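Counting in the numbering used here, the sequence shown runs from 6 upward without gaps.
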Amino acid sequence: MKSPDYQPYLNSEDMKFLCIGRNYAEHAKELGNEVPDEPVIFMKPKSALLQTNSPFYYPEFTNELHYECEVVLRISKNGKYLQERTASKYYDAISVGIDFTARDIQAELKKKGLPWEKAKAWDNSAVLGKWTPIPANFDKNNVQFSMKKNGELVQSGHTKDMIHNFDKIIAHVSNYFSLNIGDVIFTGTPAGVGECVVGDELEGFLGDDSMFKLTVQ
Ligand code: MG
6 MKSPDYQPYL
16 NSEDMKFLCI
26 GRNYAEHAKE
36 LGNEVPDEPV
46 IFMKPKSALL
56 QTNSPFYYPE
66 FTNELHYECE
76 VVLRISKNGK
86 YLQERTASKY
96 YDAISVGIDF
106 TARDIQAELK
116 KKGLPWEKAK
126 AWDNSAVLGK
136 WTPIPANFDK
146 NNVQFSMKKN
156 GELVQSGHTK
166 DMIHNFDKII
176 AHVSNYFSLN
186 IGDVIFTGTP
196 AGVGECVVGD
206 ELEGFLGDDS
216 MFKLTVQ
């Protein structure tokens with residue numbers, strides 16, 4: 006099932022990241038946020054992608070770097086105004102990734118009611134694991150994923166606990182943003198987000214398979 010195809014589809018020239026916030030009730034709670042009625046959406050530009058084999062450096066503008074391990078989906082077909090019942094035709098691969106967040110900056114921005122880009126969309130803030138093709142008998146509500154920090158389990162999630170499932174997310178975001186081949190959806194993080202510091206090793210898993218491993222430098 007493993008694919009060596011680590012990078013976004015066909016190295017798409019103008020891919021974007023569409024990210025969902027507060028999609029697991031336990032995580033919304035841990036950050037003191039309300040559980041939203043509809044998906045919270047934010048974006049990262051292509052420049053947020055950490056390229057394969059590039060080192061990840063602790064950004065100098067934050068003092069509170071948080072990892073958020075999430076299931077990611079790769080968009081395989083262009084679309085807009087999609088229906089939930091056909092949404093699964095628009096993604097062809099799954100992995101896990103990290104939505105790196107400067108939590109101190111995000112807290113400031115949230116307090117002032119300002120946009121989140123400075124906390125979320127900076128260079129190299131999006132880590133992608135290697136892609137696994139979606140199997141024919143794929144059960145989207147039965148995906149287990151996790152992340153270890155320095156060999157210890159820090160996050161463990163299951164897609165049955167999502168507030169908005171993959172197809173609902175895709176249908177919803179496509180009302181606002183065209184989905185293009187190569188775009189990547191970050192589907193939200195489960196509870197257990199936390200800080201990392203220089204020297205920490207982060208490893209993400211889809212089921213038992215290791216999908217990415219990086220050391221903060
Ligand atoms: Mg996130």
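Beta carbons: idealized from backbone N, C-alpha and C, even for Gly.
These numbers come from a predicted model, not from an experiment.
Between ligand 1 and the CB of residue 194, the shortest heavy atom gap is smaller than 7 Å. With contacts defined as CB atoms closer than 8 Å, residue 192 and residue 216 fail to qualify as a contacting pair. The beta carbon of residue 108 sits closer than 7 Å to the beta carbons of 69 and 71 from its chain, once the five residues preceding and following it are set aside; these are given in chain order.
Between the alpha carbons of residue 153 and residue 161 lies a gap of roughly 9 Å. A distance below 7 Å between beta-carbons, with the five flanking residues on each side excluded, links residue 22 to the following residues of its chain, in chain order: 48, 49, 53, 131, 189 and 191. Using a cutoff of 7 Å, the CB of residue 26 counts as near ligand 1, since one of the ligand's heavy atoms is closer than that. Two segments are said to touch when three or more pairs of C-beta atoms, one from each, lie closer than 8 Å; by this definition the region 94 to 104 touches the region 72 to 84.
By the criterion of at least three beta-carbon pairs nearer than 8 Å, the region 205 to 214 is in contact with the region 144 to 158. By the CB criterion at 8 Å, residue 164 and residue 104 fall outside the cutoff. Relative to ligand 1, the beta carbon of residue 122 is positioned no closer than 7 Å to any heavy atom. Between residue 170 and the set 182, 185, 146 and 150, the nearest pair of CA atoms involves 146. In the DSSP annotation of this structure, the continuous segment of the alpha helix (DSSP H) that includes residue 110 starts and ends at 108 to 117. Nearest in C-alpha terms to residue 158, of all of 186, 58, 199 and 28, is 199.
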